[in-house]
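K.L.:
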Amino acid sequence: MVNAGMQPREALREVEARLNAAGCPDADFDAGELFRLVTGQDARLADRPLTAEQAAKLEALTARRATREPLQYLCGSWPFLDFELAVGPGVLCPRADTEVVAEADALPIYRVMLAGVQAPKVLDLCAGTGCLGLGVKRFCPEADVTCVEKSPEAFRYLKKNAVSALKQGTARAVEGDLFTYWQGLPEGELDLIVSNPPYLTAAEMQQLQPEVAREPAMALEAGEDGLVFYRALAEHYQNALRPGGALALEIGWQQREAVTALLAANGWVDIACRKDYGGNDRCILARRSYP
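Every position in the sequence shown, counted from 1, becomes a number in our numbering once 4 is added.
1. Given a cut-off of 8 Å on the beta-carbon distance, is the pair L251 and V263 in contact?
2. Compare the beta carbon distance of V91 and Y161 with 8 Å and say whether it is the shorter of the two.
3. To the nearest whole angstrom, what separates the beta carbons of L266 and R292, a pair I think is in contact under 8 Å?
4. Which class does D148 belong to by DSSP, given the choice of helix, strand or coil?
5. Would you list the one or two residues that DSSP bridges to R278?
6. Once the 5 residues before and after R176 are set aside, which same chain residues still bring their CB inside 6 Å of it?
7. Would A21 be called buried (16 or more neighbouring beta carbons within 10 Å of its own) or exposed?
8. So, is G283 buried or exposed, given that buried needs 16 or more other C-beta atoms within 10 angstroms?
9. Per DSSP, which residues does K125 bridge with? Please list them.
10. I want to know whether the stretch 197-204 touches the stretch 122-141 - three or more CB-CB distances under 8 Å.
11. Find out if the Cβ-Cβ distance for the pair C135, L89 is shorter than 8 Å.
12. Return the chain-ordered list of same chain residues with a C-beta closer than 7 Å to the C-beta of N75, the five sequence neighbours on each side being excluded.
13. Work out the CA separation of E153 and G180 for me, nearest whole Å.
14. According to DSSP, I197 sits in a beta bridge with which residue or residues?
15. For R246, which residues of its own chain have a beta-carbon under 8 Å away from its beta-carbon, when the five flanking residues on both sides are left out?
16. Is E179 helix, strand or coil when you go by DSSP?
17. Cα separation between N7 and A59?
18. Return the first residue and the last residue of the beta strand (DSSP E) that A90 is part of.
19. To the nearest angstrom, how far is it from the Cα of A56 to the Cα of G9?
20. Return yes when the Cβ of L224 is within less than 8 Å of the Cβ of P202, no when it is not.
21. If you draw a straight line from the C-alpha of R72 to the C-alpha of C28, how long is it?
22. Below 6 Å CB to CB, which residues in the same chain sit around E157 once its five sequence neighbours on both sides are set aside?
23. Using a Cβ-Cβ cut-off of 8 Å, state whether K154 counts as contacting chain B.
24. To test your reading of the DSSP string, which unbroken beta strand (DSSP E) runs of 3 or more residues are found completely within the stretch 29-60?
25. Apply the 10 Å Cβ neighbour rule to R286 and answer buried if 16 or more other Cβ atoms are within range, or exposed otherwise.
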């Protein structure tokens, strides 16, 4: 138990041991983050014993993390690229894998796809925290970004992040459903669509890590084969893009062939795939065909 008067390293060892016993992955990292959250200091550099208030807070957070509540939820915010996003129960936690999709919009592929576009109009579907749309805005400040989210619980985080996550610029937060939102979009006005839609299969939903199981199922589950959102994107959103407009999607590591086939069958062109930092297929890029 974390007690008042504990030296920082002693408290850190106690928290790490508790988290290891609970089966938490990366218990040493989590212990350090919880200590920093409570004290504002790195435990390796801190030199004062814990106060009673600090010990009580650290003990409470340790108990919650030991139940496998996501660390991101406990912290209340989490870094994405070089900015912070508000996060908590009801919204999908930002992940490093998703940064690959945002970065795809800043690398040479992005510049080729949007060559000559001064203020690209960008749509982020299934936006969650808004990480993808805001990631585009971070790399392209002149972009006009709209983030669409269906879940009321997630939408409150999106609204906050859309106006406060970036030092320069904001995004537009809109409540909407990917399966119907396309119906109100004018033809040919968008330059880029990004999305990290739910993509887990029914079988995968039965095998979630405890932390992931605490995240909203709405942000994870995508039908028996994990492709229902990709079908809607492939079938309904191409006309919303200008000819040559771009699409960037996060995918599951085994979905490259299936998603590529869906896009190709619906007339998308220049389909490519980027890998994440672990070497897994993670980002599909495509464009609306030219007349």
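C-beta: ideal position from N, C-alpha, C; glycine also.
P.N.:
In short:
1. no
2. Cβ atoms of V91 and Y161: closer than 8 Å.
3. About 15 Å separates the two Cβ atoms, so there is no contact after all.
4. It is a strand residue.
5. C287
6. T150
7. exposed
8. exposed
9. D148
10. yes
11. yes
12. Rather than Asn, the amino acid found at residue 75 in this sequence is Leu. Taking C-beta separations shorter than 7 Å and ignoring five residues to either side along the sequence, the partners of L75 in its chain run D34, E37 and R69, following chain order.
13. 5 Å
14. L127 and L251
15. Once the five neighbours on either side are set aside, the close Cβ partners of R246 are G192, E193, L194, D195 and R292.
16. strand
17. 5 Å
18. Its beta strand (DSSP E) spans residues F87 to A90.
19. 7 Å
20. yes
21. Distance from the CA of R72 to the CA of C28, rounded to the nearest whole angstrom, comes to 7 Å.
22. G94
23. Annotation note: the requested chain B is absent from the structure, which comprises a single protein chain.
24. With a minimum length of 3 residues, there is no unbroken run of beta strand (DSSP E) contained wholly in the stretch 29-60.
25. buried
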